[in-house]
Amino acid sequence: MAAAQPWRSLLCCVGGGGEADDDQERPSPHRRRSDRGQRQRLLVLPPPSSSSSSSRVSLSTISSSGTLTPEDLSATLSSSGPHAHLRAFARADLRAATSGFARANRLGCGGFGPVYRGRLDGLGDVAVKYLDPECGTQGHREWLAEVCFLGQLRHANLVRLLGYCCEDEHRMLVYEYMPNGSLEAHLFGGRGSLGGGGCLPWRRRVQVAVGAARGLAFLHDADTPVIYRDFKASNILLDEDFNTKLSDFGLAKDGPQGDATHVTTRVMGTNGYAAPEYIMTGHLTAKSDVYSFGVVLLEFLTGRRSVDRARRPREQSLVDWARPYLKKPDKLYRVMDPAMECQYSIRGAERAAMVAYKCLSQNPKSRPTMREALQALEPVLDMDDYLEIGPFVFTVIVEDNSDMGGDGKGKLVDGEKVDVRIETTVKETKHQSHQDRHRQKFPNSAVHADVVLHRDGDHGKHISALRRHRRMPSYINERGA
Numbered sequence: 001m002a003a004a005q006p007w008r009s010l011l012c013c014v015g016g017g018g019e020a021d022d023d024q025e026r027p028s029p030h031r032r033r034s035d036r037g038q039r040q041r042l043l044v045l046p047p048p049s050s051s052s053s054s055s056r057v058s059l060s061t062i063s064s065s066g067t068l069t070p071e072d073l074s075a076t077l078s079s080s081g082p083h084a085h086l087r088a089f090a091r092a093d094l095r096a097a098t099s100g101f102a103r104a105n106r107l108g109c110g111g112f113g114p115v116y117r118g119r120l121d122g123l124g125d126v127a128v129k130y131l132d133p134e135c136g137t138q139g140h141r142e143w144l145a146e147v148c149f150l151g152q153l154r155h156a157n158l159v160r161l162l163g164y165c166c167e168d169e170h171r172m173l174v175y176e177y178m179p180n181g182s183l184e185a186h187l188f189g190g191r192g193s194l195g196g197g198g199c200l201p202w203r204r205r206v207q208v209a210v211g212a213a214r215g216l217a218f219l220h221d222a223d224t225p226v227i228y229r230d231f232k233a234s235n236i237l238l239d240e241d242f243n244t245k246l247s248d249f250g251l252a253k254d255g256p257q258g259d260a261t262h263v264t265t266r267v268m269g270t271n272g273y274a275a276p277e278y279i280m281t282g283h284l285t286a287k288s289d290v291y292s293f294g295v296v297l298l299e300f301l302t303g304r305r306s307v308d309r310a311r312r313p314r315e316q317s318l319v320d321w322a323r324p325y326l327k328k329p330d331k332l333y334r335v336m337d338p339a340m341e342c343q344y345s346i347r348g349a350e351r352a353a354m355v356a357y358k359c360l361s362q363n364p365k366s367r368p369t370m371r372e373a374l375q376a377l378e379p380v381l382d383m384d385d386y387l388e389i390g391p392f393v394f395t396v397i398v399e400d401n402s403d404m405g406g407d408g409k410g411k412l413v414d415g416e417k418v419d420v421r422i423e424t425t426v427k428e429t430k431h432q433s434h435q436d437r438h439r440q441k442f443p444n445s446a447v448h449a450d451v452v453l454h455r456d457g458d459h460g461k462h463i464s465a466l467r468r469h470r471r472m473p474s475y476i477n478e479r480g481a
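Mapping of the sequence shown onto the UniProt record's numbering: position 70 corresponds to residue 70, and the numbering continues sequentially without gaps.
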């Protein structure tokens, strides 16, 4: 392994939009930070722009004529457009804010390096991302990309970058603190809507999805479009009110300019989220982000990861398994997250599924823009045709004849009294058509949510609940109280 080169000599080294990247070998999408021994490109940011309040320093316009000192970087970013808000922090201040980067304050660790919770005077709780020196040149490129993009872009659905540290070989980023962590933790980590156990409710899933779509649409609609390139559940953060914030812009790139239709670059990102045409050709467009959004939207619907090697082979790829069901309303229930227990808008789920289906098209030209996807999703927020499930109560009492009391209630079966009371309130929908077909085939069974109450033929005093069964002469005849 080549030794990581000192950052002090690189200063503002970045592989943002240069053509030199195009001639290099394209790694697999899940090898996103493995080029420690690459040749460095020394780039320089242009002087602060004063021509337009909306102007920003673009990575694609950075020249390769020299280096940029940390002081010049601070002056450039603090004077660019209306976003003069970044602070250059000293390492000593960030060390004190995190109690010496204590393990107790560690929030997690990604490809960039560890993230710590800290507290700064005047800013309150913050998240400090510390670049691992072992990341080498690629790590420094991603650090500078985050500073350039999040240091100048402002939107309600982008995480706020408060400042950075560029001191000797140390590289750090300081963000606003997100109390509710990442979407990944809530969808797959067993954390519920209130930070405890349980399932992320449908309405909250839709709110997070719409917020993420707004963030991506903002990036794509900018004067100089930005392609996020690493949209996934772990990069979607949630504040104390579960508002969506996109984070980790280390792989972001400026979009195609002028007559260009795409940006050619090395394939980087996360396996399972990257668009197929990007993996095959390295051609990056805004439609690549649209595909990634479709994958995350599918994770919202199913509660499954984009790639899960623990499942059966045909179900390991979420897109391959679920996409055929998305445009079939009568079969959509087969892929919906069972943890939601049917508590979701039927029309909303169908609409979201169709948006995901279009975003996941193999042909990039057939995918909607993020603005179109957002406009299609926003009405789902107001759809409330939830499946109305009332109380489901069943009582089974088996008594001897001597204890019947002559009350006339119950039914004698083989010399025993069996009292069964079942109360259900179920709104018939096309998502329950499979239950209707079952009732027609087995009229003597009591069905609720695919559960059948069945009297065991061998034991006269035992009632069992089965999901898979066959008709037997001793099925309970009573269907109601």
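Using N, Cα and C, we set each Cβ at its ideal position, and we do this for glycine too.
For Arg323, tell me which candidate among Tyr344, Leu298 and Gln375 has the shortest Cα-Cα distance. Leu298
Apply the 10 Å Cβ neighbour rule to Lys365 and answer buried if 16 or more other Cβ atoms are within range, or exposed otherwise. exposed
Count the other CB atoms within 10 Å of the CB of Asp230; is the residue buried (16 or more) or exposed (fewer)? Label assigned to Asp230: buried.
For a quick check, are the C-beta atoms of Val290 and Ala252 less than 9 Å apart? no
Once DSSP output is grouped into helix, strand and coil, what is the label at Asp125? strand
Pull up the CB-CB distance for residue 484 and Val206, whole angstroms please, since I reckon it's below 8 Å. The first residue shown for the chain is 1 and the last is 481, placing residue 484 beyond what the model contains.
Where Asn271 and Lys328 are concerned, what is the direct C-alpha to C-alpha distance, given to the nearest angstrom? Roughly 27 Å between the two C-alpha positions.
Rounded C-alpha distance that separates Leu381 from Arg203: Distance from the CA of Leu381 to the CA of Arg203, rounded to the nearest whole angstrom, comes to 7 Å.
Would you check if the segment 243-261 and the segment 156-168 touch, i.e. whether three or more CB-CB distances between them fall below 8 Å? yes
Can you round the beta-carbon distance between Val208 and Leu237 to whole angstroms, since I take them to be within the 8 Å contact cut? The Cβ separation is near 10 Å, so there is no contact.
With H, G and I counted as helix, E and B as strand and the rest as coil, what does DSSP make of Tyr116? strand
Using CA coordinates, which residue listed in Arg103, Thr264, Ala104 and Leu374 is at the minimum distance from Thr281? For Thr281, the nearest C-alpha among the options comes from Thr264.
Can you confirm whether the segment 331-350 touches the segment 163-176 when touching is taken to mean that 3 or more C-beta pairs between the two stretches lie within less than 8 Å? no
Boundaries of the alpha helix (DSSP H) in which Glu350 is found, first to last residue: Ile346 to Cys359
Contact check, Gly294 vs Tyr357, beta carbons under 9 Å: With respect to Tyr357, Gly294 sits close: the two C-beta atoms are nearer than 9 Å.
Mark Thr261 as exposed unless 16 or more other C-beta atoms lie within 10 angstroms of its C-beta, in which case mark it buried. The residue in question, Thr261, is exposed, as its Cβ has fewer than 16 Cβ neighbours within 10 Å.
For Gly113, collect the residues of the same chain with a Cβ closer than 6 Å to its Cβ; drop the 5 residues on either side in sequence, then sort them by chain order. Excluding sequence positions up to five before and after Gly113, its CB lies within less than 6 Å of the CB of Tyr130, Leu131 and Asp132, all in the same chain and listed in chain order.
Helix, strand or coil, according to DSSP, for Asp382 in the structure here? helix
Please confirm if Ala92 has its CB atom under 9 Å from at least one CB of chain C. The structure shown contains no chain C, having only a single protein chain.
Excluding the five sequence neighbours on either side, which residues of its own chain have a C-beta within less than 6 Å of the C-beta of His170, listed in chain order? Arg91
Coarse secondary structure for Thr369, derived from DSSP in three states: Coil, per DSSP.
Excluding five sequence neighbours on each side, which residues of the same chain lie with their C-beta closer than 8 Å to the C-beta of Arg95? Phe101
Could you give the distance in angstroms between the alpha-carbon of Lys331 and the alpha-carbon of Asp308? 22 Å
Applying the criterion that 16 or more other CB atoms from any shown protein chain within 10 Å of the CB defines a buried residue, is Arg363 buried or exposed? According to the sequence provided, residue 363 is Asn. The question's Arg does not apply to it. The residue in question, Asn363, is exposed, as its Cβ has fewer than 16 Cβ neighbours within 10 Å.
What residues are listed by DSSP as bridge partners for Met172? Its beta-bridge partners are Tyr130 and Cys165.
Exposure of Asp320, with buried meaning 16 or more beta-carbon neighbours within 10 Å: exposed
Three-state class that DSSP yields for residue 491 in the structure shown: The first residue shown for the chain is 1 and the last is 481, placing residue 491 beyond what the model contains.
Excluding the five sequence neighbours on either side, which residues of its own chain have a C-beta within less than 8 Å of the C-beta of Val126, listed in chain order? Excluding residues within five positions, the ones whose Cβ falls inside 8 Å are Ala97, Arg117, Gly118, Arg119, Leu120, Leu162, Val174, Tyr175, Glu176 and Tyr177.
According to DSSP, simplified to helix, strand and coil, what is Ser288? helix
Is it right to say Glu378 is buried, meaning 16 or more other beta carbons lie within 10 angstroms of its own, or is it exposed? exposed
What is the C-beta distance between Leu387 and Ile346, in whole angstroms, given that I count them as a contact (C-beta under 8 Å)? Confirmed, about 7 Å.
Residue range of the alpha helix (DSSP H) that Gly108 falls in? Not the alpha helix (DSSP H): Gly108 falls in the beta strand (DSSP E), residues Arg106 to Cys109.
In terms of alpha-carbon separation, which member of Ser317, Arg312 and Tyr228 lies closest to Leu284? Tyr228
Which partner residues of Leu237 appear in the DSSP bridge assignment? Ser182 and Lys245
Judging by CA-CA distance, which residue of Arg367, Arg141, Leu326 and Pro201 is the nearest neighbour of Arg351? Leu326
Residue from Ala212, Val210, Leu150 and His186 with nearest C-alpha to Pro201: His186
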